[in-house]
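Data first, discussion second: the structure below is written as structure tokens.
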Amino acid sequence: MFFRKVIYIGESDGQAIYVNVEKPRDPLAAPKSKLLNTEASRGNRKQIILITSFLIAFSGVMQLFPETRLFGGVYGYGTLIYFLTVWLLEGSLLLVIVERALYKNVKLAQPTSKENFRRAVDTNLIWGNFGDKKVTLGKKIFAWIFTVFMALMGLIGPILVISILVFNMIGTPIGSEIITLSFMGILPAVAVLLLWQNNMVRWFMAVERYRKKGKL
């Protein structure tokens, strides 16, 4: 099966909380990885968005001044190899970090209380995107659309960049856009993350099943 059976739910009392989607009534707890810190992640998420926005804006502004070039040389097949290498490295690094943060000790997971499960659900960053902590049809539809969109972006984004590079940019001067293009490897990594490591759709389904059993 492509998807995980045991998925990450959140944190509670210094532990990582999980649930087996085939046994939604029995939450599990395991020692939390040192990389896992929900509170720090709330601030880091804002910083990542700001840094990414700055890089994109900087690249766009520099396009308005083509005579001011920070990079030398022209695009060639060596540049293509550079992009593929950087994308592979940054994507792999992101996935390894998230995997170790969320699932490092999952094999040590043991049954835990409904109170731990409740706290894990309530403190999960997913709820930060919504005004209340209820699983609704609207939230599930949003989760489906967002996950599918990011999965498609993860597949189409790098392919589109490679196509543009091969057919339109070979032999043209390298500009500041290379900064933004160098981060395209994050897209497929995020797609894998949302499908395999921290699937919002399956998270909502797990929480909904647990609550319907009258235990949360």
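Just so we're aligned, residue 81 is where the sequence shown starts under our numbering, counting upward by one.
C-beta: ideal position from N, C-alpha, C; glycine also.
All figures in this text were calculated on a predicted structure; none of them were measured in a lab.
* To do: Please name the residue or residues paired with residue 211 in a DSSP beta bridge.
  => Indexing the sequence shown from 1 puts residue 211 at position 131. In DSSP, residue 211 forms no bridge with anything.
What distance in whole Å lies between the Cβ atoms of residue 200 and residue 89, which are believed to be in contact at a cut-off of 8 Å?
By 1-based counting over the sequence shown, the position of residue 89 is 9. By 1-based counting over the sequence shown, the position of residue 200 is 120. At roughly 5 Å, the Cβ-Cβ gap stays under 8 Å, so residue 89 and residue 200 are in contact.
Any chance the stretch 183-196 sits against the stretch 266-275, with 3 or more Cβ pairs inside 8 Å? no
Less than 8 Å between the CB atoms is what I'm expecting for residue 92 and residue 196, so what's the real figure, rounded? Looking up residue 92 in the sequence shown gives position 12. Looking up residue 196 in the sequence shown gives position 116. Rounded, the Cβ-Cβ distance is 4 Å, consistent with contact.
Compute the Euclidean distance between the alpha carbons of residue 238 and residue 265, then round it to the nearest angstrom.
As a working mapping, residue 238 is identified with position 158 in the sequence shown. As a working mapping, residue 265 is identified with position 185 in the sequence shown. Approximately 7 Å between the Cα atoms of the pair.
Give the secondary structure of residue 220 by DSSP, where H, G and I count as helix, E and B as strand, and everything else as coil. As a position in the sequence shown, residue 220 is number 140, starting the count at 1. Correct three-state label for residue 220: helix.
C-beta contact flag for residue 260 and residue 154 at 9 Å | The sequence position of residue 260 within the sequence shown is 180, counting from 1. The sequence position of residue 154 within the sequence shown is 74, counting from 1. Not in contact: residue 260 and residue 154 (Cβ atoms no closer than 9 Å).
Practice item. Whole angstroms is fine: what's the gap from residue 286's alpha carbon to residue 194's? Key: Stepping through the sequence shown from its first residue, residue 286 is reached at position 206. Stepping through the sequence shown from its first residue, residue 194 is reached at position 114. Whole-angstrom Cα-Cα distance: 13 Å.
Original post:
Applying the criterion that 16 or more other CB atoms from any shown protein chain within 10 Å of the CB defines a buried residue, is residue 176 buried or exposed?
Top reply: Taking the sequence shown and counting its residues from 1, one reaches residue 176 at position 96. Burial call: exposed.
Candidates 289, 206, 242, 263: closest to residue 161 by CA position
Along the sequence shown, read from residue 1 onward, the residue named residue 161 stands at position 81. Minimum Cα distance to residue 161 is reached at 242.
Q.
Measuring only the C-alpha atoms, how far is residue 245 from residue 227?
A. Here residue 245 refers to the residue found at position 165 of the sequence shown. Here residue 227 refers to the residue found at position 147 of the sequence shown. Taking the straight line joining both Cα atoms gives about 27 Å.
Item to complete: Determine the closest residue to residue 116 out of 204, 158, 219, with distance taken between C-alpha atoms.
Response: For the purposes of this step, residue 116 is taken as the residue at position 36 of the sequence shown. Answer by Cα proximity: 204.
Return yes when the Cβ of residue 254 is within less than 9 Å of the Cβ of residue 159, no when it is not.
-> In the sequence shown, residue 159 corresponds to position 79, counting from 1. In the sequence shown, residue 254 corresponds to position 174, counting from 1. Contact: yes.
TODO: Apply the 10 Å Cβ neighbour rule to residue 224 and answer buried if 16 or more other Cβ atoms are within range, or exposed otherwise.
DONE: In the sequence shown, the residue the question calls residue 224 occupies position 144. When all chains shown are included, residue 224 counts as exposed.
Quick check on DSSP: helix, strand or coil for residue 89?
Taking the first residue of the sequence shown as 1, we reach residue 89 at position 9. Here residue 89 sits in strand by DSSP.
Tell me, please, which residues DSSP counts as bridged to residue 108. Start at 1 with the first residue of the sequence shown, and residue 108 comes out as number 28. In the DSSP output, where bridge partners are listed per residue, residue 108 has 98, 191.
Worksheet entry | Unbroken alpha helix (DSSP H) run spanning residue 262, endpoints | Mapped onto the sequence shown, residue 262 falls at position 182. Residue 262 -> alpha helix (DSSP H) spans 257-262.
task: Would you mind giving the Cβ-Cβ distance between residue 220 and residue 284, rounded to the nearest angstrom? I have them listed as a contact below 8 Å.
output: Translated into positions along the sequence shown, residue 220 becomes position 140. Translated into positions along the sequence shown, residue 284 becomes position 204. Right, their Cβ atoms sit about 5 Å apart.
Could you tell me which residues DSSP pairs with residue 103 in its beta bridges? As a first step, residue 103 is located in the sequence shown; it is residue number 23 there, counting from the start. According to DSSP, residue 103 bridges with 100.
By alpha-carbon positions, which one of 240, 258, 182 ends up nearest to residue 278? Residue numbering aside, residue 278 sits at position 198 when the sequence shown is read from its first letter. Ranking 240, 258, 182 by Cα distance to residue 278 puts 182 first.
Worksheet entry | Buried/exposed call for residue 97, threshold 16 Cβ in 10 Å | Residue mapping note: residue 97 aligns to position 17 of the sequence shown, counting from 1. Counting Cβ neighbours within 10 Å, residue 97 comes out buried, since at least 16 surround it.
#### Entry: Start and end residues, alpha helix (DSSP H) containing residue 184
Numbered from 1 along the sequence shown, position 104 holds the residue referred to as residue 184. Where residue 184 is concerned, there is no enclosing alpha helix (DSSP H), given that its DSSP letter is neither H nor E.
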